[in-house]
Each structure stands twice: as C-alpha cells, then as structure tokens.
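Below is one structure, written out as structure tokens; the observations come after it.
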Amino acid sequence: MTLATGDCAFIDFDGPHKDLDASVRWHFEAGYLSAQSTPLISRSGKVIGMVSTHWRKHHRPSDRELRFLDLLARQAADLIEQRQAQVTLRESEEKYRLLFNAINEGYFLIDVIFDETNQPVDLLYLESNQAAIAMTGQDFTGRRLSEINPNYELFWYEIFGRVARTGKGERLERYAKPDQKWYDFYVVKVGNASARRIAVVFQDITERKQAEEKLHRAAEMDAFRVKLSDALRSLTDPVEIQAVAARVLGEHLGANQVHYGETIGEYVVISQGYGNGLPPMVGRFRFIDFGERLIADYRAGRISLSRDVVNDPNITESEQQVITGAGFRAYVAVPLTKAEGWVATLAVHSIAPHGWTTDEVELVQETAEYTWAAVERARAEKALRESEIQRIQEQSAREQERQRAEALTELDHAKTVFFSNVSHEFRTPLTLMLAPLQDALSDRALPPAHREGLDLAHRSSLRLLKLVNTLLDFSRIEAGRMEAVYEPVDLAQCTTELASVFRSAIERAGLRLIVDCPPLPEPVFVDREMWEKLSSTCSPTPLSSPLRAKLPYPSERKQGKRFRLRLPKLIVSPQNSKCQALNSKLRAWNSKLRAWNLES
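Once you know that position 292 of the sequence shown is 1639 in our numbering, the rest is easy, because the numbers rise by one and skip nothing.
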C-alpha cells in the first residue's frame, strides 16, 4: 500500500486482513503484532522504496517518531537515489567506453583554448580512443597540440575554434603534414553555449586520397599527352617541332626555361627553346661547358636533376657558378641515347628551388622521347619527299631526253631523206650540164677566151658533182649503208694536199690556214674518199685558233692504228661575220664527229 500510494501505512498483524501473499501470517508467526511503513520519495517525487518499523506488541508511533522516520526516509531516499545514479552512470560510462574503444574511427574530446581576443591559440586533448592513438601514432590525452608538435597547420586551430564558438558542426577533409596523412573528420560542440569543448570523430583516408591523386595525375598526364600529340601532329619542320614541344612542356610544368638540344659532333645545338622569366637558351654549346660529370651522365643515359644547385652536395663550386650564372636554381635534364649514342637532351629549368616529383621527371622523359620521334619522323618524311621529287625530276629529265633523242632521230632521218633526194635531184642537171660542156671543150675551133670560161664551168660542175656525191655518201654513212674501203696511204701528204685546195679562199678571207701534218714513218690504212670527205668539210679558223689536222694519233686496238682529225671547238673573232658562220658549222660537225665516234 505504501509503495502504491506513497503514504505512510500502519498494520496490526493479528487483525482481520486479506492475506493474499501470506505475508501477514508470516509476520504474526514471527512474533510481530504491529508495523509502520514510510515511503522513500526521490527529489523528483518518484517512490523508490520504503522504510518499515516492526513491533512485537501493538504500537502506534508518536508524531515525533513519525517526523524522525520521515527525516530518515528522506535521507535514505537521497542516498539511494545517489547510489542508483552512480550505478547508472557507471553502466552508461562502461557502455560508452566499450563503444568508444570498439569503433574504427578515431575520437578526441578537446577543450579549445582562446586568448583575450577570443582567438583559438591551443587545443587541450581530454580524451582519445585506441583508434585515434593508432592513427596518430601517439596518445594525445592530457596534452596540448602545441606541445605535441608545433608544426601542425593553423587551420586545425581555426576550424576547432570556429565550431567551439558557433556550435555549428563541420565535416571536412584535411592533410596533416606532421602525420603525413589525410583525415576525414566531423567536429561538433559538446556542452552548453558557454563551453569551449568539442568532440572530433575522424578516420584516416590517406590511401583513398593517394588513389584519387594517382588517378588525377594519370588523367593530367593523359591530357598532356593528347595536347602534345595534337600540337606536333601537323608539324613538318624539325626546329618548329622542338620549339612547340618545349613550349607545351614548359607551360604544363610552370617552368622558366625548357629546351631540346641535339648532339652534333662535340657540340649541343639548341635551335629553339621556351622561356618564361628567363630568355630561351639557343645556340651551340661545347660539351666542356657542361662539366665532365654531367657529360658522363648524359653519355651513359642517366637523368641529371637538382632541386637546389646552391645546396646540392653533388654539384661542384665551378658547376654551381655556371648554373647560377645562367639564372636558374633547379633543373632536370633527360638525355636520349640510341644505337648511335647520345643524340639529344631535353632540359627543364626553374628560377627558384624546386622539388621535382617522380611524375614530373616521367613527364619530361616521355616528352623527350616523343619529341625525338617526331623530329626523326619529320626528317624522314622530308628526305622521302626530296627523294621523290628528285626521282620525279630525274624521270622527267629522262623522258625529256628520250623525247629529244626521238626528235633528233626523226630530224636526222628527215635530213638524210632530204639530202638523198636533193643529191639525186642535183646530180641530174649536173650530169646534163657536163655532157654539153665536154662536147664544147672538145671543139678545137673554140676561141681561147670561150675555152677558158667553159673550162672553168666544167671544172666547177665536176666539183659540184663531187660535192653532191659527198652529200649522198654522208647520207649513206648516217643510214649505215656505206662501208669503208681501206688502202695504204701517205696520210700526211694526202691531208696536206686536201687542205691546200682551200688555201687561196682562206687567204682571200683574211684568214690563215695551218696544216700540222708531219710525215709518218709508214703508210696508214684509211678510206681515201672518206678521209677526203671529212677533210673537205673543215673550214679554216683565225690565227688565234687555227685548224690543225694533227697526225698521228695511234690507239692500240686489234684492228690496227687509228688516227684522229682534230677540229677547234670555236673560233675567237666575233666581229667577223664569216667567223660567226664558221662557228655554227663547227658546232654541227663536232656533233657529227661525236656521232661517228671521232674526237673533235
């Protein structure tokens, strides 16, 4: 009843009662006759128990006793409530601790310390779980962040301080350089508005961020490869290819200087380069200018790089002076070695110290190889084009020569036909002229004056007939229908006699004929008529370039000795119209003699 109503209750165990649970009978049998119960009421008004007093005789407590019992009940209720709260708290804390240490996420309970201007200046770590200790590598509990490591970034203070002031939770991802890790964390305020306490739940996402960064770098490199390929695809000039490749790489890396140098002899030749903050490095540079160590690396195909030449222990003082004198502090140089050795170098320079990453060096390597391949392709295509042009030109020249030869053959044939026809046409009237002239000359009554004129006409007609026959013979020679008839001849005397026929005409023209035909030790087998025909076509030249029929000119062959009739190439008196005409004739006969395998 007391527990149900929350009021004090009295009972006599020997009175009439409903004994539902036999408790009345049990008390009576135990010797108790009366009992009084006072409820234990908590401060919140909840009945949490009761205090019962038993007597072995009938008894009713006085007011004083009841007040004492009430005081005792209130104290007992407070004590019990305290103990229950502690038990509940311990149970709750135990559950919280189990959960706290079981989760994979790290946990920090932190007091943010502000200065007098309400700016966060430090973090005091109150609690941390096992996951937090495992992730950070140490226990932060009871320590300040400035003491743990003063190199932690300022943004940690700013973020935690902002949440502690505003009470607005934040979820972020940040990189902690001292830990060399990425963290995904959620920070929330703990306590009332005036409190400066926060709780942080976080996890290590370094592997995920590295994978994302790797994918990002791969995408960037793919984009660069596409950009470089597009920029070089349409270029055909090797120098322009080098310039564009240097520019694209320099812009991508944010470099101050990029150049592609070709190894030629004892020099590195840089035709074009890229400059941004530094002028492009262009020119011919001797190997010795780079230093023996660097050249040895290049010849061996080893990449050379320096993040800061001033503080690089591998660079000598003299090398440092040369490099800093050129205006840069960091560089990476990739040599290209092929079957023929060190062929080229792609170098990237930075004005300030620069920590070259593996991806950057790999990118320079790829660009160097791609540039070399593009330059070689352009040169091969250029050589192929030039070869094709030369082949076409040679083919065109051969075709023109063939057409010219065919035209000359046709002209020679036409000329031969013409000479043959003309010769036959000339011989007919000459033959008709000679018979009357011979009849007239046989007349003994012919006056001397008429005889002299007829005799001249007769001799001239015979001479003309002989010339016509000669033309006909030449036509036969060119047609290959005439064969030589050889007989022993005093060739020097024969040639002198043939040349003397023209002496009077030559001297009347103001020219001089020189016949250089010294006596031969023995007769020579020649075709007298053919020799006469050749000799009779030779016109005299001025004194400055005389016509010389020079003998002998032996050539040891199975058929015997051979001789050469030498004609001058040209005469030298352009003011004389006769000489100009003679030049034309000499050109024609020089060509004719070459056709007969005779040297002019």
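Don't be surprised by glycine CBs; every beta carbon is placed ideally from N, CA and C.
As the structure is a prediction and not an experimental result, all values here were calculated from the model.
Beta-carbon separation (whole angstroms), Tyr1504 vs Arg1490, contact threshold 8 Å: With 8 Å as the limit, Tyr1504 and Arg1490 do not qualify as a contact, their Cβ atoms being about 15 Å apart.
Length of the line joining the Cα atoms of Gln1970 and Val1711: Any property of residue 1970 remains undetermined from this structure, which presents the chain solely from 1348 to 1947.
Sheet register partners of Gly1396 (DSSP bridge): Leu1387
Close beta carbons around Pro1525, own chain, < 6 Å, minus the five adjacent residues each side: Asn1496, Asn1498, Tyr1499
Coarse secondary structure for Tyr1533, derived from DSSP in three states: Note: Tyr1533 maps to strand in three-state DSSP.
Cα-Cα separation, Val1535 to Ser1665: 59 Å
Inter-residue CB distance, Val1394 and Phe1455 (contact presumed, cutoff 8 Å): Between Phe1455 and Val1394 the Cβ distance is about 43 Å, and since that is not below 8 Å, they are no contact.
Beta-carbon proximity check, Arg1631 vs Val1616, cutoff 9 Å: Closer than 9 Å, so yes.
Nearest neighbour of Pro1408, chosen from Ala1424, Ala1432, Ala1420, Ala1382 [CA to CA]: Out of Ala1424, Ala1432, Ala1420, Ala1382, Ala1382 has the C-alpha closest to the C-alpha of Pro1408.
Local Cβ density within 10 Å of Gly1648, reported as buried at 16 or more and exposed below that: exposed
Beta-carbon proximity of Val1862 to Val1836, cut-off 9 Å: At a Cβ-Cβ threshold of 9 Å, Val1862 and Val1836 do not count as neighbours.
Secondary structure of Glu1687, DSSP reduced to three states: coil
Integer-rounded CB distance, given that Ser1808 should sit under 8 Å from Leu1784: 6 Å
Chain-order list of residues whose beta-carbon lies under 8 Å from that of Tyr1614 (same chain, five-residue window excluded): Arg1631, Phe1632, Arg1633, Phe1634
Closest residue to Phe1375 among Ile1480, His1405, Glu1639, Glu1723 (Cα-Cα distance): For Phe1375, the nearest C-alpha among the options comes from His1405.
Buried/exposed call for Ser1320, threshold 16 Cβ in 10 Å: As displayed, the chain neither begins before 1348 nor continues past 1947, which places residue 1320 out of reach and without an answer.
Distance CB(Thr1610)-CB(Ala1691) smaller than 9 Å: Taking 9 Å as the cut-off, the Cβ atoms of Thr1610 and Ala1691 count as close.
Beta-bridge pairing of Gly1453 - partner residues as DSSP gives them: Phe1549
Contact under 9 Å by Cβ, Ala1694 with Gly1608: yes
DSSP beta-bridge partners of Lys1528: Ala1523
Closest by C-alpha distance to Arg1676, when choosing among Glu1741, Glu1869, Phe1357, Leu1625: Residue Leu1625 is the option with its Cα nearest to Arg1676.
Inter-residue Cα distance where the pair is Gln1485 and Ala1479: 8 Å
Span separating the alpha-carbon of Glu1728 from that of Trp1719: Between Glu1728 and Trp1719, the C-alpha separation is close to 14 Å.
Option in Leu1596, Arg1372, Phe1360 with minimal Cα separation from Glu1707: Leu1596
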